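Engineer: There's a structure below that I have some questions on.
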Amino acid sequence: MTSSFDAVADSQDAAKRNLWLHFTRMGSYAHSEMPVIVRGEGAYVFDQHGRRYLDGLSGLFVSQVGHGRQEIAEAAARQSSELAYFPLWSYAHPRAIELAARLADMAPGSLNRVFFTTSGSEAVESAWKLAKQYFKMTGEPGRYKVISRDIAYHGTSMGALAITGLADIKAAFEPLPPGGVRVPNTNFYRAPDFVATDEVAFGRWAADEIERAILREGPASVAAVYLEPVQNSGGCFPPPPGYFERVREICDQYGVLLVSDEVICAFGRLGYYFGCERYGYQPDIITFAKGLTSGYSPLGGMLVSDALMEPFNSGTASFLHGITFAGHPVSAAVAMANLDIFEKEDLPGNVRANEAGFRATLEKLNDLPIVGDIRGAGYFYGIELVKDKATRETFSDEESERLLRGFLSHALFDAGLVCRADDRGDPVIQLAPPLICGQEHFDEIERILRAVLTEAWQRL
Ligand SMILES: Cc1ncc(COP(=O)(O)O)c(C=O)c1O
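668 is the number of the first residue of the sequence shown in this note's numbering; add one for each residue after it.
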């Protein structure tokens, strides 16, 4: 009989030999153990040693209803035995129909058509393909460019990567599909001096930069603008007041589609089913994934306005795009069971009721010298770390490497918190707990962050 010690060693050996982790320096596990998460329960996950961690990132902004929900597992099992698979190419199946109708019902305005994918990147890329084909069919074939924001992450497949605004993860794959255009993001903490003290003026300037980009590129060449309601990468940049109102105006003026990339922000993360509802704007397309199934099975997609669908709805026209596993019956059944839980437990309402407590608890950390800015909305926060609070000076690359990769990531995990120490923009800690969380979880997050950030400062 193998002991649990042997079982752990065997799985470590196999993992190091055969498994390739995403966005991970595999060499960093040469002399240390790879974390192996084996089980989840509510807001917590457990590793192969039985140690418990608060899932402060919902896995990867995914596990909205928390872990271990039997009713979702049972819905998946039922669907597997009834109809495990059939494609959405020329056929429909009941769960895709029900889910599309439910999403259309929930989505704002005329977003009534659902095109399913399996992931967020595919959703983002599908929206770009739809925009390109739509404009070709409607007499504006020159429109193919897409505008997105500095440091924004929109996925990793080649098309989605062309929309992503993170130079460091793009360079290795150049040349990418042409047409990606960058504009400033809404990081008010790092706003240019001339708008640094007036958030409304900052928002107006940032939105007007989209107009300037459209004019610079030539309006007849621009197909779409991709924006997250709250930008994740860089550490949670909420929109300044008036920002989306002005962006909508600009898009309407130049006939450009507004894509709300809600792969993270939909399904309760900001206290509403869709992030655009929180900020009162009407997109032409919403892209979604992650929280729709709380990760019990993969599923993504886009919600498209009636107007965009119209040219595809008659004659011989079809959208020349498809994905084998998109709208998978088991994933669609899982999404329905997940949304049942959302409704039964009013999870968006729980977020709205508790978000002030989450913010106030995190803001206690403002007394630490390393904490520069705490920003976000709903259950979605970023904490920017700085070297000098007064001047907002950030860390050098070497310090950032030592601090984030060399210490913080491991120390936070060892202290029992799953979150993310990210240096793709300025160094930030990202938090996005499951939507079932309450004050006791916020207190636990604050306690762990306080201890680990205090030690990080002493090590600098
Ligand atoms: C805003 C946004 N868009 C797209 C994606 C890509 O999603 P996926 O990893 O499912 O392909 C992500 C992933 O984190 C995201 O945050």
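The C-beta atom is built at its ideal place from N, Cα and C for all residues, glycine as well. Since the model is a prediction, treat every value here as computed from it, not as a measurement.
1) Mind listing, in chain order, the continuous alpha helix (DSSP H) runs of no fewer than 4 residues lying wholly within the stretch 829-887?
2) Let me confirm a value: P1101 is counted as buried when at least 16 other C-beta atoms fall within 10 Å, else exposed. Which label applies?
3) Is the Cβ of G723 closer than 8 Å to any Cβ of chain D?
4) How long is the line joining the alpha carbons of N779 and R1126, rounded to whole angstroms?
5) Is Y820 a contact residue of ligand 1, with contact defined as CB to any heavy atom under 7 Å?
6) Of all the options R936, R1087 and G1073, which has the alpha carbon lying nearest to the alpha carbon of L1014?
7) Using the Cβ count rule (16 or more neighbours within 10 Å means buried), how would you classify W653?
8) Looking only at its own chain, which residues have a Cβ that is under 6 Å from the Cβ of V927, when we skip the five neighbours before and after it?
9) Would you say S788 touches ligand 1, meaning its beta carbon is less than 7 Å from a heavy atom?
10) Excluding the five sequence neighbours on either side, which residues of its own chain have a C-beta within less than 6 Å of the C-beta of A794, listed in chain order?
11) So what does DSSP say about A890, is it helix, strand or coil?
12) Mapping DSSP to helix, strand and coil, what is E1065?
13) Taking 8 Å as the threshold, find out whether the stretch 956-964 comes into contact with the stretch 725-740 through three or more Cβ pairs.
14) Which first and last residues belong to the beta strand (DSSP E) in which V781 is found?
15) So T1121 is in the alpha helix (DSSP H); what residue range does that whole segment cover?
16) Between P851, I1041 and R718, which lies nearest to W872 when the distance is taken from Cα to Cα?
17) Rounded to whole angstroms, what's the CA-CA distance from L750 to G922? Just pull it up for me.
18) Could you give the distance in angstroms between the alpha-carbon of F1109 and the alpha-carbon of P808?
19) Given this structure, state the Cα-to-Cα distance separating H848 from E708, to the nearest angstrom.
20) Within the same chain, show all residues whose beta-carbon is closer than 6 Å to that of V862, passing over the 5 residues directly before and after it, in chain order.
21) In terms of alpha-carbon separation, which member of T1028, G885, G982 and K812 lies closest to A798?
22) Three or more C-beta pairs under 8 Å: does that hold for the stretch 1085-1100 against the stretch 1054-1069?
23) Tell me, to the nearest whole angstrom, how far the beta carbon of G1083 is from that of R706; I am working on the premise that it is less than 8 Å.
24) Where L853 and E876 are concerned, what is the direct C-alpha to C-alpha distance, given to the nearest angstrom?
25) What do you reckon, are the CB atoms on P905 and V897 nearer than 8 Å?
26) Relative to the alpha-carbon of I931, which residue among L966, R736, Y910 and T864 has its alpha-carbon at the smallest distance?
27) Which residue marks the beginning of the alpha helix (DSSP H) containing A819, and which one marks its end?
28) Considering just the uninterrupted stretch of the alpha helix (DSSP H) at T1028, what are its terminal residues?
29) Pull up the CB-CB distance for M701 and A682, whole angstroms please, since I reckon it's below 8 Å.
30) Whole-angstrom Cβ separation of A767 and V781, contact assumed at under 8 Å?
31) Quick one: what's F672 bridged to in DSSP?
32) Indicate, with yes or no, if ligand 1 has a heavy atom lying under 7 Å from the CB of A829.
33) How should P996 be labelled, buried or exposed, when 16 other C-beta atoms within 10 angstroms of its C-beta is the threshold for buried?
34) Is A743 closer than 8 Å to V1038 when the C-beta atoms are compared?
35) Rounded to whole angstroms, what's the CA-CA distance from M668 to L688? Just pull it up for me.
Structural biologist: According to the structure shown:
1) 866-884
2) For the purposes of this step, residue 1101 is identified with residue 434 of the sequence shown, where counting begins at 1. The residue is buried, with at least 16 neighbouring Cβ atoms inside 10 Å.
3) Any reference to chain D falls outside this structure, which holds one protein chain only.
4) Position 112 of the sequence shown, counted from the start, is the residue given in the question as residue 779. Position 459 of the sequence shown, counted from the start, is the residue given in the question as residue 1126. C-alpha separation (whole angstroms): 54 Å.
5) In the sequence shown, the residue the question calls residue 820 occupies position 153. At least one heavy atom of ligand 1 is nearer than 7 Å to the Cβ of Y820, so yes.
6) Translated into the one-based positions of the sequence shown, residue 1014 becomes position 347. The shortest Cα separation from L1014 among R936, R1087 and G1073 belongs to R936.
7) This structure gives no information on residue 653, because the portion of the chain shown stretches from 668 to 1127.
8) Working through the sequence shown from its first residue, we reach residue 927 at position 260. Inspection of the sequence shows that residue 927 is occupied by Ser rather than by Val. Within the same chain, Cβ atoms closer than 6 Å to the Cβ of S927 are found at C943, P950 and I953, the five residues on either side in sequence being excluded.
9) Counting from one through the sequence shown, the residue named residue 788 turns up at place 121. S788: yes, Cβ under 7 Å from ligand 1.
10) Residue 794 sits at position 127 when you count from the first residue of the sequence shown. These residues qualify, in order along the chain: V926, I952, T954 and M969.
11) On the sequence shown, position 223 is the one that residue 890 refers to. Of the three classes helix, strand and coil, the one that applies to A890 here is strand, per DSSP.
12) For the purposes of this step, residue 1065 is identified with residue 398 of the sequence shown, where counting begins at 1. E1065: helix per DSSP, three-state reduction.
13) yes
14) Position 114 of the sequence shown, counted from the start, is the residue given in the question as residue 781. Its beta strand (DSSP E) spans residues L778 to T784.
15) Here residue 1121 refers to the residue found at position 454 when the sequence shown is read from its first residue. Note, T1121: alpha helix (DSSP H), Q1106 to R1126.
16) Counting from one through the sequence shown, the residue named residue 872 turns up at place 205. If we check each option's Cα against that of W872, P851 comes out closest.
17) To locate residue 750, count along the sequence shown from 1; it is residue 83. To locate residue 922, count along the sequence shown from 1; it is residue 255. Between L750 and G922, the C-alpha separation is close to 42 Å.
18) Locating residue 1109 in the sequence shown gives position 442, counting from the first residue. Locating residue 808 in the sequence shown gives position 141, counting from the first residue. The straight-line gap from Cα to Cα measures roughly 51 Å.
19) Here residue 848 is taken as the residue at index 181 of the sequence shown, counted from 1. Here residue 708 is taken as the residue at index 41 of the sequence shown, counted from 1. The identity of residue 848 in the sequence shown is Val, whereas the question assumes His. Whole-angstrom Cα-Cα distance: 42 Å.
20) The sequence position of residue 862 within the sequence shown is 195, counting from 1. Residues of the same chain with a CB within less than 6 Å of the CB of V862, apart from the 5 flanking positions on each side, are A868, F869 and W872 in chain order.
21) Position 131 of the sequence shown, counted from the first residue, corresponds to residue 798. Comparing Cα positions, the closest option is K812.
22) yes
23) As a working mapping, residue 1083 is identified with position 416 in the sequence shown. As a working mapping, residue 706 is identified with position 39 in the sequence shown. Rounded, the Cβ-Cβ distance is 15 Å, inconsistent with contact.
24) Counted from its first residue, the sequence shown places residue 853 at position 186. Counted from its first residue, the sequence shown places residue 876 at position 209. For the sequence presented, residue 853 should be read as Thr rather than Leu. Taking the straight line from one Cα to the other gives about 11 Å.
25) On the sequence shown, position 238 is the one that residue 905 refers to. On the sequence shown, position 230 is the one that residue 897 refers to. Result yes, Cβ atoms of P905 and V897 sit closer than 8 Å.
26) Counting from 1 along the sequence shown, the entry for residue 931 is found at position 264. The shortest Cα separation from I931 among L966, R736, Y910 and T864 belongs to L966.
27) Sequence index remark: in the sequence shown, residue 819 carries index 152 (1-based). Segment: none, A819 is in no alpha helix (DSSP H) and carries neither H nor E.
28) For the purposes of this step, residue 1028 is taken as residue 361 along the sequence shown, with counting starting at 1. Taken as a continuous stretch (DSSP letters only), the alpha helix (DSSP H) holding T1028 covers L1014 to E1030.
29) Taking the first residue of the sequence shown as position 1, residue 701 is located at position 34. Taking the first residue of the sequence shown as position 1, residue 682 is located at position 15. Yes, they are in contact, since the Cβ atoms of M701 and A682 sit about 5 Å apart, within 8 Å.
30) In the sequence shown, residue 767 corresponds to position 100, counting from 1. In the sequence shown, residue 781 corresponds to position 114, counting from 1. That pair is a contact at about 4 Å.
31) To locate residue 672, count along the sequence shown from 1; it is residue 5. None; F672 has no bridge partner.
32) Residue mapping note: residue 829 aligns to position 162 of the sequence shown, counting from 1. Checking every heavy atom of ligand 1 against the Cβ of A829, none is found closer than 7 Å.
33) Taking the sequence shown and counting its residues from 1, the one referred to as residue 996 is at position 329. So P996 counts as buried.
34) Position 371 of the sequence shown, counted from the first residue, corresponds to residue 1038. Position 76 of the sequence shown, counted from the first residue, corresponds to residue 743. No. Outside cutoff.
35) Within the sequence shown, numbered from 1, the residue matching residue 668 stands at position 1. Within the sequence shown, numbered from 1, the residue matching residue 688 stands at position 21. Summary for M668: the model assigns pLDDT 49, below 50, so the residue's position carries little reliability; its value from the coordinates is reported in the next sentence. Between M668 and L688, the C-alpha separation is close to 30 Å.
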